[in-house]
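Have a look at the structure below before the remarks.
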Amino acid sequence: MNKREFIGSLGMGVVGMTLSPSIFGAERAAAARGNRNYAWITLQRERTLEEWQREFAIWRAAGIDGVIAEVYDGRQAYYPSQRLPVKSDRLGLILPAARAERPVERRAPTRARGRGSAASG
26 MNKREFIGSL GMGVVGMTLS PSIFGAERAA AARGNRNYAW ITLQRERTLE
76 EWQREFAIWR AAGIDGVIAE VYDGRQAYYP SQRLPVKSDR LGLILPAARA
126 ERPVERRAPT RARGRGSAAS G
């Protein structure tokens, strides 16, 4: 390592040290409010209301808190639009299914009590 590389590395380290409190503070704030998990879904495939209800139940059981629905795929809209070509109102179909899916109360993760302990979790 020559002098130029050393000074460059030192400068990057100083920048990293000044940013680290804000980065770690953001992590603590996120941990305090709890993480939320979302899934991106497309509405291109035709499904019945019962299929959507089953999908939402599966996603909820997997820990997904909400979905972000792609309602326009670049060619067709999947909601009642006055400006875009509408294929069908699939958003109107999934919203009642999504609202009907009740959130499951989550418990905070617990740590194992010790090695060999019968009670864990």
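Each number in the working numbering corresponds to the 1-based position in the sequence shown with 25 added. Heads up, the beta-carbon is just placed ideally off N, CA and C, and yes, glycines get one too. On a predicted model such as this, the values are computed, not experimentally measured, just so you know.
Rounded to whole angstroms, what's the CA-CA distance from residue i to residue j? Just pull it up for me.
i	j	result
W84	V111	27 Å
A122	E30	59 Å
N62	A86	12 Å
R79	Y104	21 Å
A82	G88	10 Å
G99	S113	14 Å
State the CB to CB distance for the pair residue i and residue j, rounded to an integer number of angstroms; the pair is presumed to be in contact (CB under 8 Å).
i	j	result
L68	R115	4 Å
L74	L118	6 Å
V92	A64	5 Å
A94	I66	5 Å
Can you tell which of the options has the C-alpha that lies nearest to the C-alpha of residue i?
i	options	result
G59	G99, E126 and D90	D90
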